[in-house]
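Chemist: The working numbering puts the first residue of the sequence shown at 1, with every later residue one more than the last.
Idealized CB from N, CA, C, for every residue including glycine.
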Amino acid sequence: MKKQITIALALLVGSFSFAQKNELKAAEKAIKSNNYAEAKSAINSAESLIASADDKTKAQFYFLKGQALYANGAGSNKDMDSAIESFNKVWQIEAGKGKYSGQVEELKSEMLNNFLTKAYAALESKNYAVSSNGFEKAYRMSPKD
1 MKKQITIALA
11 LLVGSFSFAQ
21 KNELKAAEKA
31 IKSNNYAEAK
41 SAINSAESLI
51 ASADDKTKAQ
61 FYFLKGQALY
71 ANGAGSNKDM
81 DSAIESFNKV
91 WQIEAGKGKY
101 SGQVEELKSE
111 MLNNFLTKAY
121 AALESKNYAV
131 SSNGFEKAYR
141 MSPKD
């Protein structure tokens, strides 16, 4: 009886693992083809399964989630905030030494430049609310600056 339960649990855990990887692969393909809506959908379906994943898979998940939400600068303000949080989680999981940490730093630098450019343009056009929001996001990206 113990043997059957153990086998059943192993198969159940294995099926969750395959489901996570398939969803992450689908999200990665969608991001490469610049289909961010499809990537968000794949990420959302994998999100419920990520709690039981290993650190490598979690880092990949949060990296892809951040990319999907950022959408090369086309994401909404709420999505940008979530992307920043996702990139910070990748950094925490990998402690700056993993596969995705370097790519996260590049994306964060790109995001920072994007925020500053938009905020400065809004300031020049005297749209102070948008400018303030952009500078606030830039500050959250790099508090030391």
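(1) Am I right that K108 and F135 are in contact with their C-beta atoms under 8 Å? What's the rounded C-beta distance?
(2) Would A155 and L69 qualify as a contact pair, given that the criterion is a beta-carbon distance under 9 Å?
(3) Grab me the residues of G66's own chain with a C-beta within less than 6 Å of its C-beta, minus the 5 sequence neighbours each way, in chain order.
(4) S15: buried (16+ other C-beta within 10 angstroms of its C-beta) or exposed?
(5) In whole angstroms, give me the CA-to-CA distance for G102 and Y62.
(6) Over what stretch of residues does the alpha helix (DSSP H) that includes S101 continue unbroken?
(7) Under the rule that 16 or more other beta-carbon atoms within 10 Å means buried, what is G75, buried or exposed?
(8) Under the three-state reduction of DSSP, which class applies to L49: helix, strand or coil?
(9) I need the straight-line Cα distance from E47 to K40, nearest angstrom please.
Modeler: Well, looking at it:
(1) Position 108 of the sequence shown, counted from the first residue, corresponds to residue 108. Position 135 of the sequence shown, counted from the first residue, corresponds to residue 135. Not quite, the Cβ-Cβ distance comes to about 16 Å (not below 8 Å), so this is no contact.
(2) Because the chain here runs from 1 to 145, residue 155 falls outside it and cannot be looked at.
(3) For the purposes of this step, residue 66 is taken as residue 66 along the sequence shown, with counting starting at 1. The residues are A83, S86, F87.
(4) The residue labelled residue 15 in the question sits at position 15 within the sequence shown. With a pLDDT of 45 at S15, under the threshold of 50, the predicted position of this residue should be treated as unreliable, though the coordinate-derived value follows. When all chains shown are included, S15 counts as exposed.
(5) For the purposes of this step, residue 102 is taken as the residue at position 102 of the sequence shown. For the purposes of this step, residue 62 is taken as the residue at position 62 of the sequence shown. C-alpha separation (whole angstroms): 14 Å.
(6) Counted from its first residue, the sequence shown places residue 101 at position 101. That run of the alpha helix (DSSP H) goes 101-124.
(7) In the sequence shown, residue 75 corresponds to position 75, counting from 1. Buried, by the Cβ-count rule.
(8) For the purposes of this step, residue 49 is identified with residue 49 of the sequence shown, where counting begins at 1. In the structure shown, L49 sits in coil (DSSP, three-state: anything other than H, G, I, E or B).
(9) The sequence position of residue 47 within the sequence shown is 47, counting from 1. The sequence position of residue 40 within the sequence shown is 40, counting from 1. The alpha-carbon atoms of E47 and K40 are separated by roughly 10 Å.
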